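Engineer: If you scroll down you'll find the structure; I have some questions about it.
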Amino acid sequence: MENTINGIHHITAIAGNAKKNYDFYTRVLGLRLVKKTVNFDDPQTYHLYYGDKFGTPGTILTFFPWEGITAGRRGARQATEIGYSVPEGSLDFWLKRLEANNVLYNKPAEKFGEQYLTLLDPDGLKLELIVPKGADKRLPWETTEVKAENATRGFHNITITTNKIDATAKILTDVFGYKLLEQHVNRFRFVTDAVDNAAIVDLVEVAGEVAGHVAGGSVHHVAFRVKNEEILMQYREKIAALGLHITDKIDRNYFYSLYFREPGGVLFELATDNPGFSVDEPVEQLGSGLKLPAQYENIREDLEKSLPSLI
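Residue numbers (full-length UniProt numbering): 1 to 311.
What follows is the structure in structure tokens.
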């Protein structure tokens, strides 16, 4: 896990109502609210982070909840499905839980020899609960209703839909160090051996698919994991050398980032492990307070009044 891309760091999506988003991910899916902060570019909007106990890279799903935002549309040039790893034998539990909470879902199916269950969150974001071929040994976050024997372990994979996979695949293999593991019809599975989990990217090639529209219920960007800032900047040189526009290093308080749009149209981020989510509150209290970047501390009182209550 040194000078490599270490799988998925986090995935960021767009929601509508913040309270519905919080209730679904913490209560129904049983994730932990790891960080409650604001969109650094729009402080009147939350940036909510959900994950495991520690906010471990590879478990973090984040949201920008914009009240009243129009619904997005899945299509080409988008990350279209987020796969979570769940334990063997847990899908019956999840079927009953989704039914009891009026969540839209499909019956279990199978791809690449793995059982999975598809569902939609309150904004229409497409999620999959997947039983991986090999047992996922990551420690889950437990709640009173979702215990360890059923709880999600973090990301299994991300799916990107594209009109032609070649240019995106080249970024994955030539820059990120992924390898094509297997193919089924128009779905191509790429994997990195740098980490055991959150290591899979599926590319789905649909030549005639209309480009999707990123809005409510859509993935905004996919962040890939690097160990530290030194390695981050090495990847910046590699990506810039391909002629792709890539940002300067950005301090996101909990990690350092670079952003670029891969040739297939999806916004990619590279994010560091350091400094982590416990930099401004202890692990046992993660997500309990509103944490603001320094530039917005002077308007904290106004933000605490204007941001919607989550409970």
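Quick reminder that beta carbons are idealized off the backbone N, C-alpha and C, glycines included.
All of these numbers come straight from a predicted model, not from anything done at the bench.
Between the C-alpha atoms of Arg-97 and Leu-119, what's the straight-line distance to the nearest angstrom?
Structural biologist: Taking the straight line from one Cα to the other gives about 12 Å.
Engineer: If you follow the alpha helix (DSSP H) that Glu-230 is in, where does it begin and where does it stop?
Structural biologist: Note, Glu-230: alpha helix (DSSP H), 229-241.
Engineer: Looking only at C-alpha atoms, which of Ala-241, Lys-111, Ala-148, Glu-237 sits nearest to Val-185?
Structural biologist: It is Lys-111 whose Cα lies nearest to the Cα of Val-185.
Engineer: Helix or strand or just coil, what does DSSP make of Val-146?
Structural biologist: Of the three classes helix, strand and coil, the one that applies to Val-146 here is coil, per DSSP.
Engineer: For Asn-17 and Val-214, what's the separation of their Cα atoms in angstroms?
Structural biologist: Going by the C-alpha atoms only, they are around 16 Å apart.
Engineer: Return the chain-ordered list of same chain residues with a C-beta closer than 8 Å to the C-beta of His-220, the five sequence neighbours on each side being excluded.
Structural biologist: Cβ neighbours of His-220 beyond the five flanking positions: Thr-12, Ala-13, Ile-14, Phe-64, Val-214, Leu-267.
Engineer: With distances taken between CB atoms, is the gap from Gly-30 to Asn-197 smaller than 8 Å?
Structural biologist: No, these two residues do not count as a Cβ contact at 8 Å.
Engineer: Does DSSP put Ile-171 in a helix, a strand or coil?
Structural biologist: It is helical.
Engineer: Which runs of the beta strand (DSSP E) at least 3 residues long sit entirely within the UniProt domain "VOC" (7-132)? Give them in chain order.
Structural biologist: Complete beta strand (DSSP E) runs here, min 3: 8-15, 32-39, 42-51, 60-65, 78-85, 109-111, 114-120, 126-130.
Engineer: Find the nearest neighbour of Thr-45 within the set Val-34, Lys-19, Phe-24, judged by alpha-carbon distance.
Structural biologist: It is Lys-19.
Engineer: Alpha carbon to alpha carbon, what distance is there between Glu-301 and Gly-264?
Structural biologist: Each residue's alpha carbon lies about 42 Å from the other.
Engineer: If contacts are defined as beta-carbon pairs under 8 Å, then Glu-205 and Thr-162 qualify, I think. What distance do you get, rounded to the angstrom?
Structural biologist: So it is a contact: roughly 6 Å between Cβ atoms.
Engineer: Under 6 Å Cβ to Cβ from Val-175, same chain only, skipping five residues before and after it: list those, please.
Structural biologist: Once the five neighbours on either side are set aside, the close Cβ partners of Val-175 are Lys-238.
Engineer: One question on the structure: do Ala-151 and Glu-142 come within less than 8 Å of each other, judged by their Cβ atoms?
Structural biologist: Yes, they are a contact pair.
Engineer: If you reduce the DSSP assignment to three classes, tell me which class Ser-257 lands in.
Structural biologist: Three-state DSSP puts Ser-257 in a strand.
Engineer: Leaving out five residues before and five after Pro-43 in sequence, what residues of the same chain have Cβ atoms less than 8 Å from its Cβ?
Structural biologist: For Pro-43, where only same-chain residues beyond five positions count, the Cβ hits under 8 Å are Leu-292, Tyr-296, Ile-299, Leu-303.
Engineer: Between Gly-72 and Ala-211, is the Cβ-Cβ spacing less than 8 Å?
Structural biologist: In this structure, Ala-211 does not lie closer than 8 Å to Gly-72 by Cβ.
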